Amino acid sequence: MKTFYTFLLLASFVVISFAAVADVQRDLKEISTLVSKLDKTIDGLPSSGATISQGIAIQSDVINLGRGLDKGTSDVKATRSFSDGDSKAIVGSVRAFSPTILHLLNNAVAKKSSIVKIPFPGIAALVRQALQRLSNSAAEFENALIAASADSVKGQAKAIKADIDAAFVKAIAAYS
């Protein structure tokens, strides 16, 4: 009987671990979708100047992406550590959408003249603050992923983080 309970306890840990990894994988899909949505919103800004409604759409996308990153961070921290196979899959997922993150941040710099024409007082400072908050959420998520990843992929994860962090620094500086 004691062996049966021990087996059930071990099986429940395995199920919890799989559920946590599945949660992180769902979070990554959601984050990828949110990154793409924000990228398309910024990409669609006219060079002549963005409107208030376009500014609101960007702000909404930024808030949603920040929430997605924060949820992802919580779910990653709940898993403790990933297996080597899960680590490779998770870092591969981040690697797949990281070019979109880099594009949207570079595009935020390129579209600055359109964004600062949004008829709202202090828009540049608001954009900078939004980018800083998003950068903080991204850094927390990146750090959690690196901490939970197997050693075999930590180098790749750190390289992706360095690229994303550098793009955030550039975007934030553009609005300073």
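Heads up: the sequence shown is residues -19 to -1, 1 to 157, going by mature numbering (1 follows the signal peptide of the UniProt record, and there is no 0). No residue lacks a Cβ here, since even glycine has one placed at the ideal position from N, Cα and C. Small disclaimer: the values here were computed from a predicted structure and weren't measured.
Query, Result
"Whole-angstrom distance between SER116 and LYS93, CA atom to CA atom", "18 angstroms"
"Where ILE39 falls, given that 16 or more other Cβ within 10 Å makes a residue buried", "buried"
"Sub-8 angstroms separation of ILE82 and VAL16 beta-carbons", "yes"
"Extent of the continuous alpha helix (DSSP H) to which LEU83 belongs", "65 to 91"
"Span of the alpha helix (DSSP H), counted from its first residue to its last, around THR60", "33 to 60"
"Per-residue burial, PHE122 [other beta carbons within 10 Å of its own, 16 or more giving buried]", "buried"
"Same chain, Cβ closer than 7 angstroms to ILE23, five either side skipped, listed in chain order", "ILE39, LEU85, ASN88, ALA89 and LYS92"
"ILE71 classed as buried or exposed, judged by whether at least 16 other C-beta atoms fall within 10 angstroms", "buried"
"Backbone CA spacing between ARG76 and GLN110 [nearest angstrom]", "26 angstroms"
"LEU107, DSSP secondary structure in three states", "helix"
"Between the CA atoms of GLY30 and LYS98 - distance to the nearest angstrom", "5 angstroms"
"C-beta contact flag for ALA131 and VAL57 at 8 angstroms", "no"
"Beta-carbon gap between ALA119 and THR60 smaller than 8 angstroms", "no"
"Rounded C-alpha distance that separates ILE12 from PRO102", "30 angstroms"
"CA-to-CA distance, VAL43 to ALA154, given in whole angstroms", "18 angstroms"
"Proximity below 8 angstroms, CB of LEU19 to CB of LEU46", "yes"
"Member of GLN113, SER34 and ASP65 whose CA lies at the smallest distance from the CA of LYS135", "ASP65"
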